[in-house]
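Just so we're aligned, residue 238 is where the sequence shown starts under our numbering, counting upward by one. Step one of this worksheet: look at the structure below.
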Amino acid sequence: FIHGKETMVSEHNCRSAVKPATTAPCLVQVCTYRWEVKPWSQ
């Protein structure tokens, strides 16, 4: 991140950093929200 912009650098510049996983699961927990339909009110 240089001057507010992301910049790609070669891996030898990041040896001390921990490389993040290439992929990540999209569903890590079940969603607890639900829709409830009711008559319109103000």
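In this text, a Cβ means the ideal position worked out from N, Cα and C, and glycines have one as well. Small disclaimer: the values here were computed from a predicted structure and weren't measured.
Other residues of its chain near residue i: CB distance less than 7 Å, five sequence neighbours each side excluded
{"i": "residue 267", "result": "none"}
Residue-level contact to chain C via CB, residue i, 8 Å cutoff
{"i": "residue 271", "result": "Here chain C cannot be found, since the structure has a single protein chain."}
8 Å Cβ shell around residue i - same chain, five flanking residues per side excluded
{"i": "residue 243", "result": "none"}
{"i": "residue 277", "result": "none"}
Member of the options whose CA lies at the smallest distance from the CA of residue i
{"i": "residue 257", "options": "273, 248 and 265", "result": "248"}
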